[in-house]
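The opening residue of the sequence shown carries number 9 in the numbering used here; numbering runs sequentially from there. Let me begin by presenting the structure, written as structure tokens, before commenting on it.
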Amino acid sequence: MEKHENAPSIYALDFALDGYETLENTLDKQILTLIDFSLPSTERRLWIIDLVEEEIVLNTVVAHGRNSGNLMAEKFSNRPESYQSSLGFYKTGETYIGKHGYSLRLDGLEEGFNDQARSRAIVIHGADYAREEFAKVSGRLGRSLGCPAVPSELSKEVIDLIKDGSLLFIFADQEEYLQQSAFIQDRSTD
């Protein structure tokens, strides 16, 4: 992959690529979005990767759920009304106009981890609290109700790049998830 000033960790990227290899035949686009919630919300922890060109197309900050933690996302849930982020692999769906404007539906692909994404209305949308300027003032990004919210000025670009059948992976170094995901290989002995 082409060098990038803020490249994802090899650890998180390896898991994302494992899932992509497993799910490739079910996808409509050779685009991989990686969100690394093992990083603080003040860092650019969302990468959109063009797997054909092997390059990072976009890198930005992304918010996590309000009950997942403050600066760091530390707790995750698939439960409705938990206001927590959910880990795992998602297939991007269709766009719509909602209370946050132009938004993108997500379908969670992992039972027990994120398969409630549609019913929980976990979507990609823009938000003013998901901007680097907000983080500079408050010491962290604002938090969502569980959605991976992106800066409002980038939301249309992000959504248009990944909509309609690409793969999105939300990572955190959570042992339970890493051991139980059907889409990644156990690397605990690596």
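All C-beta atoms, glycine included, are put in the ideal place defined by N, C-alpha and C. Predicted model, so just to flag it, every value in this text is computed and none were measured.
Please tell me whether L112 and K99 are closer than 8 Å, where the distance is taken between their beta carbons.
Not closer than 8 Å, so no.
Is the Cβ-Cβ distance between A143 and V70 less than 8 Å?
Taking 8 Å as the Cβ cut-off, A143 and V70 do not qualify as a contacting pair.
A135: which of F121, L114, H108 sits nearest, CA to CA?
Closest in C-alpha terms to A135, from the list F121, L114, H108, comes H108.
Between F191 and T30, is the Cβ-Cβ spacing less than 8 Å?
Cβ distance < 8 Å, so F191 and T30 count as in contact.
Only counting the same chain, and skipping five residues up and downstream in sequence, which positions put a Cβ closer than 8 Å to that of D198?
Reliability fails at D198, whose pLDDT of 44 lies under 50, so the model's placement of it is uncertain and the value that follows must be treated cautiously. Closer than 8 Å at Cβ, skipping near neighbours: no residue.
Which value, in whole angstroms, describes the spacing of the CA atoms of S17 and S46?
Near 10 Å, if we compare the C-alpha coordinates of S46 and S17.
Quick one: complete beta strand (DSSP E) runs, 3+ long, within the segment 25-101?
Within the segment 25-101, the complete beta strand (DSSP E) runs of at least 3 residues are 39-44, 54-58, 63-68.
Quick check on Y4: buried or exposed, where buried means 16 or more other Cβ atoms within 10 Å of its Cβ?
For the chain, the structure presents residues 9 to 198; residue 4 sits outside this window and is missing.
C-beta contact flag for S85 and R148 at 8 Å:
No, they are not a contact pair.
I'd like to know if A24 contacts chain D, where contact means its C-beta is closer than 8 Å to some C-beta of that chain.
The structure shown contains no chain D; it holds only a single protein chain.
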